[in-house]
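Spelled out as structure tokens, the structure:
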């Protein structure tokens, strides 16, 4: 069975500081993909970053980076230099052989 | 490039009434997903299509929900009859397919309120 766990229901960060959103996962699939999506109050899910289970390097996309620790089954999202527009819900997701599942999300609030 | 289009954006109906949602995926995307998202929760898969074929509908409540994707492009999700507990956001997503690298792109969703 596959499972995604996001243990932080809410987080605060000061503008311009970095923040880490936690995500742990469990799967028996030998190969899988890990994704982070952002959902602003408007409701649309926006793809941020992808990490493959066999990728040797951590993924980066602009201010977003994914801290992938395969042995610990964690895929934390790091947002550097937070901006007010980063305030949103953030979802971790995993794509295994057949299934695509999402975590329960973390609500991030960036403070001015 | 146009994104995933969904309509309507909002729908209010009374319980026991039927309702339908429409989704047009990104051009060239063979895989289409319908999700249900309750307030404060992550999306939950209802059905996944590969072209015209529903390859995963195990979470679709088939007594009242139905879906179709004729011609492998746009798709319709229907609820008949709607219940109070169906109030949620219904998200459509599409992707090129491809297993673990399968990045989904979402539409704006349809917010359903059942009174």
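Protein chains in written order, with the numbering used here: chain A, 1 to 112; chain B, 113 to 227. Beta carbons are placed, not taken as given, at the ideal position from N, Cα and C, and that holds for glycine.
By Cβ distance, which residues of its chain are closer than 8 angstroms to residue i, with the 5 residues on each side in sequence left out?
i	result
residue 167 of chain B	160 and 161
residue 72 of chain A	24
residue 45 of chain A	37, 38, 39 and 91
Is it true that the CB of residue j sits closer than 8 angstroms to the CB of residue i?
i	j	result
residue 34 of chain A	residue 94 of chain A	yes
residue 6 of chain A	residue 105 of chain A	yes
residue 18 of chain A	residue 82 of chain A	yes
residue 143 of chain B	residue 211 of chain B	no
residue 111 of chain A	residue 47 of chain A	no
residue 120 of chain B	residue 43 of chain A	no
residue 171 of chain B	residue 157 of chain B	yes
residue 132 of chain B	residue 213 of chain B	no
Which first and last residues belong to the beta strand (DSSP E) in which residue i is found?
i	result
residue 8 of chain A	First-last for residue 8 of chain A: undefined, no H or E at that position.
residue 118 of chain B	117–119
residue 135 of chain B	131–136
residue 162 of chain B	156–162
residue 223 of chain B	222–226
residue 168 of chain B	165–168
residue 26 of chain A	24–26
residue 21 of chain A	19–21
residue 32 of chain A	Where residue 32 of chain A is concerned, there is no enclosing beta strand (DSSP E), given that its DSSP letter is neither H nor E.
residue 178 of chain B	177–180
residue 172 of chain B	Residue 172 of chain B -> no beta strand (DSSP E), and no H or E assigned at all.
residue 149 of chain B	143–149
residue 123 of chain B	122–125
Near residue i, what residues of its chain come up, given a Cβ to Cβ distance below 6 angstroms and the 5 sequence neighbours on each side ignored?
i	result
residue 155 of chain B	147, 149 and 203
residue 122 of chain B	223
residue 128 of chain B	193
residue 163 of chain B	142 and 184
residue 40 of chain A	88
residue 74 of chain A	24
residue 177 of chain B	191
residue 29 of chain A	96 and 97
residue 130 of chain B	192
Under 7 angstroms Cβ to Cβ from residue i, same chain only, skipping five residues before and after it: list those, please.
i	result
residue 16 of chain A	81 and 82
residue 215 of chain B	207
residue 31 of chain A	53 and 54
residue 79 of chain A	18, 19, 63, 64 and 86
residue 99 of chain A	2
residue 198 of chain B	191, 224 and 226
residue 8 of chain A	21, 22 and 106
Report whether the distance from the Cβ of residue i to the nearest heavy atom of the ligand ATP is below 7 angstroms.
i	result
residue 157 of chain B	With respect to small molecules bound, the structure shown includes none, and the ligand ATP cannot be examined in it.
Can you give the beta carbon distance from residue i to residue j, rounded, assuming they're within the 8 angstroms contact cut?
i	j	result
residue 227 of chain B	residue 124 of chain B	7 angstroms
residue 66 of chain A	residue 36 of chain A	7 angstroms
residue 135 of chain B	residue 186 of chain B	6 angstroms
residue 145 of chain B	residue 205 of chain B	4 angstroms
residue 116 of chain B	residue 217 of chain B	6 angstroms
- [ ] Counting only runs of 3+ residues fully inside the region 37–75 of chain A, write out the beta strand (DSSP E) ranges in chain order.
- [x] Correct list: 46–52 and 64–69.
Task: Sequence ranges, beta strand (DSSP E) only - wholly within the region 71–106 of chain A, length at least 3 - done: The region 71–106 of chain A contains these whole beta strand (DSSP E) runs: 74–79, 88–95 and 100–102.
TODO: Scan the region 186–221 of chain B and note each continuous beta strand (DSSP E) run of 3 residues or more that stays entirely inside, going in chain order.
DONE: Within the region 186–221 of chain B, the complete beta strand (DSSP E) runs of at least 3 residues are 187–191 and 200–207.
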